[in-house]
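2 protein chains.
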Amino acid sequence: MSNYSAGPEIERLIQLLAKLPGLGPRSARRVALHLLKKREALMGPLAEALSEAADKITACSTCGNLDVSDPCAICAAPGRDPSVICVVETVGDIWALERAGAFKGRYHVLGGVLSPLDGVRPDDLNIGRLLERAAAPEITEIVLALNATVDGQTTAHYLSDRLDGLDVTITSLARGVPVGGELDYLDDGTLAAAFKSRRPA
Amino acid sequence: MSNYSAGPEIERLIQLLAKLPGLGPRSARRVALHLLKKREALMGPLAEALSEAADKITACSTCGNLDVSDPCAICAAPGRDPSVICVVETVGDIWALERAGAFKGRYHVLGGVLSPLDGVRPDDLNIGRLLERAAAPEITEIVLALNATVDGQTTAHYLSDRLDGLDVTITSLARGVPVGGELDYLDDGTLAAAFKSRRPA
Ligand SMILES: [Zn+2]
Ligand SMILES: [Zn+2]
Numbered sequence: 000m001s002n003y004s005a006g007p008e009i010e011r012l013i014q015l016l017a018k019l020p021g022l023g024p025r026s027a028r029r030v031a032l033h034l035l036k037k038r039e040a041l042m043g044p045l046a047e048a049l050s051e052a053a054d055k056i057t058a059c060s061t062c063g064n065l066d067v068s069d070p071c072a073i074c075a076a077p078g079r080d081p082s083v084i085c086v087v088e089t090v091g092d093i094w095a096l097e098r099a100g101a102f103k104g105r106y107h108v109l110g111g112v113l114s115p116l117d118g119v120r121p122d123d124l125n126i127g128r129l130l131e132r133a134a135a136p137e138i139t140e141i142v143l144a145l146n147a148t149v150d151g152q153t154t155a156h157y158l159s160d161r162l163d164g165l166d167v168t169i170t171s172l173a174r175g176v177p178v179g180g181e182l183d184y185l186d187d188g189t190l191a192a193a194f195k196s197r198r199p200a
Numbered sequence: 000m001s002n003y004s005a006g007p008e009i010e011r012l013i014q015l016l017a018k019l020p021g022l023g024p025r026s027a028r029r030v031a032l033h034l035l036k037k038r039e040a041l042m043g044p045l046a047e048a049l050s051e052a053a054d055k056i057t058a059c060s061t062c063g064n065l066d067v068s069d070p071c072a073i074c075a076a077p078g079r080d081p082s083v084i085c086v087v088e089t090v091g092d093i094w095a096l097e098r099a100g101a102f103k104g105r106y107h108v109l110g111g112v113l114s115p116l117d118g119v120r121p122d123d124l125n126i127g128r129l130l131e132r133a134a135a136p137e138i139t140e141i142v143l144a145l146n147a148t149v150d151g152q153t154t155a156h157y158l159s160d161r162l163d164g165l166d167v168t169i170t171s172l173a174r175g176v177p178v179g180g181e182l183d184y185l186d187d188g189t190l191a192a193a194f195k196s197r198r199p200a
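Chain order of the listed sequences is A and B.
For reference, each letter of the first sequence is one residue, going 0 to 200 in numbering that gives the first Met the number 0.
For reference, each letter of the second sequence is one residue, going 0 to 200 in numbering that gives the first Met the number 0.
In structure tokens, the structure reads:
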């Protein structure tokens, strides 16, 4: 191996890019090279967009969605049904459901699922705030839109137990979601159909 | 489709990320979400690294390598053999050859290869500066380390013709480079072996 390095600035950029999901050292180098070739058209704008997003975007203190405002645009929208809360694992699931146009209520982001293997316990998830929100008088339905994975379904059962006794209907997505499937990988039609035929949990 | 958007800041970030090689709209969303989750540890530092690299890094006016200094660290290094120039297509090929420790001379980055299909002609490549450099009295060998593709080999023949008449030996990499192979995809051992057994072009 040579002791040449492309310089600390490029090496650091490659190291950071290699931490992005789906990129390894080799693809990080390709991305770095592409960015260096397109400094004005892509690298500068991307630096600004990242910096602006890192500064401005915050988690909604009500639902956990990411937005430039708190409450987020969905929690603040007057046109959305205030009586239904859709519980999801991640903000990416909100994006997927919104792309599908599947739901017109509000969301709650758990920030993950219970996982004994990964050491994720109830206290690690955004559950306390969900119980508070679910107890509000206007809430009539909680949709548990969790992934159809073992951990997702374990978490849904756990939440059903915790929500038991409240005057709300608890539903989950129809079995249109393939077993083992993750919401963010489904096409819009499947998601919309699964939402429409949601059923009591 | 819903008319909800994740906000102009996030949408712009996703659009820019989707322009990176190997990323599409879906993986760009995953990367954006990952960055937003790791704002302090990854998103901020990446924004800074991009901004710093975009500001500081420039193309070496001698060889075309990318570095924070001009001449670049390789052109300026006193320990490198000043009598051999290795001609490559892109800066990524310099990185690959340096990782392999295959070469101790200096480089020349063409910035691509001749390609009638893509409309790349000799004037579009960094060839004039190569002819100047090759004519200097200290130069004894020019290694044409171009990809073993049709366009790479066409370009090598073209350069051999242009360099003909100069008092330099023109070599190319040994056939250890697989036909159709691109340098940046080879393992270090193959590259080093191909370099060692380079032969007259
Ligand atoms: Zn919200
Ligand atoms: Zn240089």
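We put the CB at the ideal spot given by N, CA and C, even for glycine.
Length of the line joining the Cα atoms of residue i and residue j
i: residue 66 of chain A; j: residue 129 of chain A; result: 19 Å
i: residue 167 of chain A; j: residue 135 of chain A; result: 10 Å
i: residue 8 of chain A; j: residue 12 of chain B; result: 22 Å
i: residue 73 of chain A; j: residue 91 of chain A; result: 14 Å
i: residue 202 of chain A; j: residue 121 of chain A; result: Outside the modelled stretch of chain A, which goes from 0 to 200, sits residue 202 of chain A, for which no answer is possible.
i: residue 80 of chain A; j: residue 102 of chain A; result: 9 Å
i: residue 36 of chain A; j: residue 99 of chain A; result: 36 Å
i: residue 113 of chain B; j: residue 55 of chain B; result: 30 Å
i: residue 78 of chain B; j: residue 105 of chain B; result: 11 Å
i: residue 26 of chain B; j: residue 127 of chain A; result: 31 Å
i: residue 10 of chain B; j: residue 143 of chain B; result: 44 Å
i: residue 107 of chain A; j: residue 32 of chain B; result: 16 Å
i: residue 38 of chain B; j: residue 24 of chain B; result: 21 Å
i: residue 88 of chain A; j: residue 75 of chain B; result: 53 Å
i: residue 162 of chain A; j: residue 41 of chain B; result: 36 Å
i: residue 137 of chain A; j: residue 14 of chain B; result: 38 Å
i: residue 117 of chain A; j: residue 71 of chain A; result: 30 Å
Contacts around residue i, its chain only, beta-carbon distance under 8 Å, and the 5 residues preceding and following it disregarded
i: residue 22 of chain A; result: 16, 30
N- and C-terminal bounds of the alpha helix (DSSP H) containing residue i
i: residue 132 of chain A; result: 126 to 133
i: residue 154 of chain A; result: 149 to 162
i: residue 62 of chain A; result: Here residue 62 of chain A belongs to no alpha helix (DSSP H), and DSSP marks it neither H nor E.
i: residue 74 of chain A; result: 72 to 75
i: residue 190 of chain B; result: 187 to 195
i: residue 51 of chain B; result: 43 to 55
i: residue 140 of chain B; result: Segment 140 to 143 is the beta strand (DSSP E) holding residue 140 of chain B; no alpha helix (DSSP H) there.
i: residue 87 of chain B; result: Careful: residue 87 of chain B lies outside any alpha helix (DSSP H), inside the beta strand (DSSP E) at 83 to 87.
i: residue 36 of chain A; result: 24 to 36
i: residue 136 of chain A; result: That residue, residue 136 of chain A, is in no alpha helix (DSSP H); it is neither H nor E in DSSP.
Residue interval of the beta strand (DSSP E) (run including residue i)
i: residue 96 of chain B; result: Run containing residue 96 of chain B: none in the beta strand (DSSP E); it sits in the alpha helix (DSSP H), 90 to 99.
i: residue 169 of chain A; result: 168 to 171
i: residue 105 of chain B; result: 105 to 108
Beta-carbon contacts of residue i that lie in its chain and below 7 Å, excluding the five residues immediately before and after
i: residue 183 of chain A; result: 91, 92, 95
i: residue 165 of chain B; result: 133, 134
i: residue 187 of chain B; result: 98, 99
i: residue 140 of chain A; result: 82, 83, 167, 168, 170
i: residue 153 of chain A; result: 113
i: residue 202 of chain A; result: This structure cannot speak to residue 202 of chain A, because chain A is shown only from 0 to 200.
Contacts around residue i, its chain only, beta-carbon distance under 6 Å, and the 5 residues preceding and following it disregarded
i: residue 125 of chain B; result: 63, 109, 110
i: residue 151 of chain A; result: 112, 145
Interface residues of the segment 40 to 55 of chain A facing chain B [CB-CB below 7 Å]: Flagged, chain order: 41, 42, 43, 44, 45, 46, 48, 49, 50, 51, 52, 53, 55.
Within 9 Å of chain A by C-beta, residues of the segment 14 to 30 of chain B in sequence order: Listed by position, the residues of the segment 14 to 30 of chain B near chain A (Cβ gap below 9 Å) are 14, 15, 16, 18, 19, 20, 21, 22, 25, 26, 28, 29, 30.
Residues whose Cβ lies closer than 6 Å to any heavy atom of ligand 1, in chain order: The set, ordered by position in the chain, is A/59, A/61, A/62, A/64, A/70, A/71, A/73, A/74.
Contact set between the segment 122 to 138 of chain B and chain A, restricted to residues whose Cβ is under 8 Å from the partner: Across the segment 122 to 138 of chain B, no CB contact with chain A closer than 8 Å is found for any residue.
Contacting positions in the segment 72 to 94 of chain B - beta carbon closer than 9 Å to chain A: From the segment 72 to 94 of chain B, only 72, 73, 76, 89, 90, 91, 93, 94 have a Cβ closer than 9 Å to chain A.
Contact residues within the segment 136 to 169 of chain A, judged by C-beta distance below 9 Å to chain B: Against chain B - using a Cβ distance shorter than 9 Å - the segment 136 to 169 of chain A contributes no residues.
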